[in-house]
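Following: one structure in structure tokens, then a few remarks.
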Amino acid sequence: MKNYKEARRFVNVRMKKSLLIAIAIGTLLFVMVVSNDDLRRIVPFMSQVEAPDISCYDVTKIYTKHVELPDFETPTSDRNIFFHETSCFNDDQGLLKVRQACAVESAALMNPSTIVYLLFVSWSKFTNTSRNFVQQLSTYDNIKIRHIVIDDYLRNTPLAEWYASGVLKRSQWPKSHISDILRYLTLWKYGGIYLDLDVVVTSSLENLLNFAGAEDREDVAAGVIGFSPTGLGHKLADECLRDLQSNFRGDVWGHNGPGVITRTLKKLCGTRYTKDMTSRKCHGFKVFPPSAFYPIHYKKWRKYFETKDANATMKILQKAKAIHVWNKLSESRSIKVGSKVPYAIIAEKYCPKIYRSAGTEF
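Counting from 1, one number per residue, gives the positions in the sequence shown under full-length UniProt numbering.
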């Protein structure tokens, strides 16, 4: 019996050691496959792999009677801001969330001479609540809410054949990655400014041309990007599309958004760190410090929703041109309308119509 117990103990120890070795090898392989930059971008979102309906991406023809929004038309203004909503919705379940609507209103309010486009991929009609937000936004003369068909939008562009190959459908984050694709493609087609739908604009962007904002010392973020339609801006947009084609990864969340603009600018500027990306080194392209568009780091996103140290947080936000509220992390955190958390204070001032129509929660 003693020998039997010792034998079992020996086997258990061996099994545990084997398991630990297997875990160590698996971790090592993961780190080898995923670069340090990619690892930093994916870790906060590793538990949030998408499994969305992307059937609307395949729609090639839309019947007018089923579409609530007019089709997108080529911009005629040389000043444009673009937002994209890349979710697919069921019939009569189209959503424009209150914070998304706030982002759009803030852009229009702070940039009255700029046309602000909100482009939907889904053709579904809006819910009553979302339609109310759309109606509020429609009171601004410089807001246009439109529908795009992805196949048509990509036709005669450098990404047409690449997209048709089905690479996006194999992505673990197809909704996020089509957003990455569309932001660079839109700026390649028309120039202008792209903004994420969780960005609240707090100052005019109308005098900015070719620019982006650093997220930290090594990464340039992709939530706020401006490219001119010709010259340097178009050249950079073209480089971003080439990078997407060559380096697209469906298994790494941030590889195709911030990864693209970061790699492109490191090559243009000949630098590794964002603090060294001066306009001189970057041939006229402006990389703003984190304080301009990402004043609160994603690891501290809760500061937008807390009254604790709110005054100190507001002092930081007052120096920003826009704020990014990290919706991927913060969307489940509700705010009572009228509360004194920083996000509510900002929303009340910079998207007043949407904030007033939000009801009891924002």
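Just so it is clear, CB atoms sit at the ideal spot from N, CA and C, and this is done for glycine as well.
What three-state label does DSSP hand residue i in the structure shown?
{"i": "D71", "result": "strand"}
{"i": "V33", "result": "For V33, the pLDDT reaches just 43, beneath the cut-off of 50, and the residue's location in the model is therefore unreliable, leaving the point undetermined."}
{"i": "A322", "result": "strand"}
{"i": "W182", "result": "Note that residue 182 is Leu in the sequence shown here, rather than Trp. DSSP places L182 in helix when its eight states are reduced to three."}
{"i": "V59", "result": "coil"}
{"i": "E361", "result": "strand"}
{"i": "N90", "result": "coil"}
{"i": "E218", "result": "coil"}
{"i": "L95", "result": "coil"}
{"i": "R79", "result": "coil"}
{"i": "E206", "result": "coil"}
{"i": "V149", "result": "coil"}
{"i": "V134", "result": "helix"}
{"i": "V104", "result": "helix"}
Suppose you measure from the CA of residue i to the CA of residue j; what does that come to, to the nearest Å?
{"i": "K336", "j": "C282", "result": "43 Å"}
{"i": "F30", "j": "D251", "result": "Confidence in F30 is poor, its pLDDT being 40 and thus under 50, which makes the residue's placement unreliable; the coordinate value appears in the next sentence. So the two alpha carbons sit approximately 11 Å from each other."}
{"i": "T313", "j": "K303", "result": "7 Å"}
{"i": "A164", "j": "R183", "result": "18 Å"}
{"i": "L95", "j": "G270", "result": "42 Å"}
{"i": "W123", "j": "I181", "result": "19 Å"}
{"i": "I193", "j": "T127", "result": "28 Å"}
{"i": "L329", "j": "W301", "result": "8 Å"}
{"i": "D58", "j": "A344", "result": "38 Å"}
{"i": "G233", "j": "Q100", "result": "27 Å"}
{"i": "D152", "j": "I316", "result": "42 Å"}
{"i": "F211", "j": "A107", "result": "16 Å"}
{"i": "N311", "j": "P295", "result": "14 Å"}
{"i": "L236", "j": "T278", "result": "16 Å"}
{"i": "E105", "j": "E218", "result": "31 Å"}
{"i": "P352", "j": "H147", "result": "25 Å"}
{"i": "E206", "j": "Y117", "result": "15 Å"}
{"i": "C102", "j": "A347", "result": "7 Å"}
{"i": "P342", "j": "G166", "result": "42 Å"}
{"i": "D243", "j": "R249", "result": "11 Å"}
{"i": "G139", "j": "L209", "result": "Note on residue identity: the sequence assigns Thr, not Gly, to residue 139. Their backbone Cα atoms lie some 27 Å apart in a straight line."}
{"i": "I115", "j": "R356", "result": "23 Å"}
{"i": "D78", "j": "Q135", "result": "25 Å"}
{"i": "N156", "j": "S171", "result": "23 Å"}
{"i": "R263", "j": "I143", "result": "32 Å"}
{"i": "P44", "j": "W326", "result": "Caution is warranted here: a pLDDT of 47 is assigned to P44, below 50, making its placement in the model unreliable, and no coordinate value can be reported."}
{"i": "N90", "j": "D53", "result": "9 Å"}
{"i": "S332", "j": "E306", "result": "14 Å"}
{"i": "G231", "j": "Y190", "result": "12 Å"}
{"i": "P158", "j": "L168", "result": "15 Å"}
{"i": "S179", "j": "S130", "result": "21 Å"}
{"i": "K299", "j": "W173", "result": "21 Å"}
{"i": "V287", "j": "R280", "result": "11 Å"}
{"i": "L185", "j": "G338", "result": "39 Å"}
Identify which residue in the options has its Cα closest to the Cα of residue i.
{"i": "K319", "options": "V201, E361 and M277", "result": "V201"}
{"i": "T76", "options": "E105, S113, R170 and Q93", "result": "S113"}
{"i": "T86", "options": "Y355, I225, D196 and G259", "result": "D196"}
{"i": "P290", "options": "A322, R99 and A214", "result": "A214"}
{"i": "N247", "options": "G259, T157 and K353", "result": "G259"}
{"i": "L69", "options": "V116, I145, D219 and N90", "result": "I145"}
{"i": "K175", "options": "T274, H84 and F288", "result": "H84"}
{"i": "D276", "options": "N111, V220 and C240", "result": "V220"}
{"i": "K125", "options": "I225, C56 and I150", "result": "C56"}
{"i": "S228", "options": "R131, I81, D91 and P52", "result": "I81"}
{"i": "Y350", "options": "R131, L109, L168 and R249", "result": "L109"}
{"i": "L268", "options": "F288, E239, I323 and D141", "result": "E239"}
{"i": "residue 366", "options": "K308, N111, Q172 and W188", "result": "Absent from the model: residue 366. The displayed extent of the chain is 1 to 362, so no value can be given."}
{"i": "H297", "options": "T74, K189, D216 and S138", "result": "D216"}
{"i": "D309", "options": "K299, K286 and K340", "result": "K340"}
{"i": "W188", "options": "T74, K169, R272 and R131", "result": "T74"}
{"i": "Q245", "options": "H177, V287, Q172 and D53", "result": "H177"}
What does a CB cutoff of less than 7 Å around residue i pick up in its chain, not counting 5 residues either side in sequence?
{"i": "A292", "result": "G213, A320 and K321"}
{"i": "V98", "result": "F133, I354, A358 and F362"}
{"i": "I261", "result": "A212, V220, A222, I225 and C240"}
{"i": "K266", "result": "R272"}
{"i": "F72", "result": "L119, R146, H147 and I148"}
{"i": "L137", "result": "A101, V104, E105, I143 and I145"}
Between which residues of its own chain and residue i is the CB-CB distance below 8 Å, once the five residues before and five after are set aside?
{"i": "S334", "result": "E361 and F362"}
So, at 6 Å on beta carbons, what are the nonlocal neighbours of residue i in its own chain, with the 5 sequence-adjacent residues on each side left out?
{"i": "F154", "result": "Residue identity check: residue 154 is Leu in the sequence provided, not Phe. Here the set comprises A160 and Y163."}
{"i": "G223", "result": "D196, V199 and H324"}
{"i": "D92", "result": "K125"}
{"i": "F285", "result": "N210"}
Within 7 Å: the Cβ of residue i and any heavy atom of the ligand GDP?
{"i": "W326", "result": "Judged by which ligands are present, the structure shown has none, so any question about the ligand GDP falls away."}
Jot down the residue ranges of each uninterrupted beta strand (DSSP E) in the UniProt domain "Alpha 1,4-glycosyltransferase" (231 to 357), minimum 3 residues, whole runs only, in chain order.
-> Considered as a whole, the UniProt domain "Alpha 1,4-glycosyltransferase" (231 to 357) harbours 286 to 288 and 322 to 324 as its complete beta strand (DSSP E) runs of no fewer than 3 residues, in chain order.
Unbroken alpha helix (DSSP H) runs of length 4 or more, entirely within the stretch 151 to 197: which are they?
-> DSSP runs (the alpha helix (DSSP H)) wholly in the stretch 151 to 197: 160 to 164 and 174 to 190.
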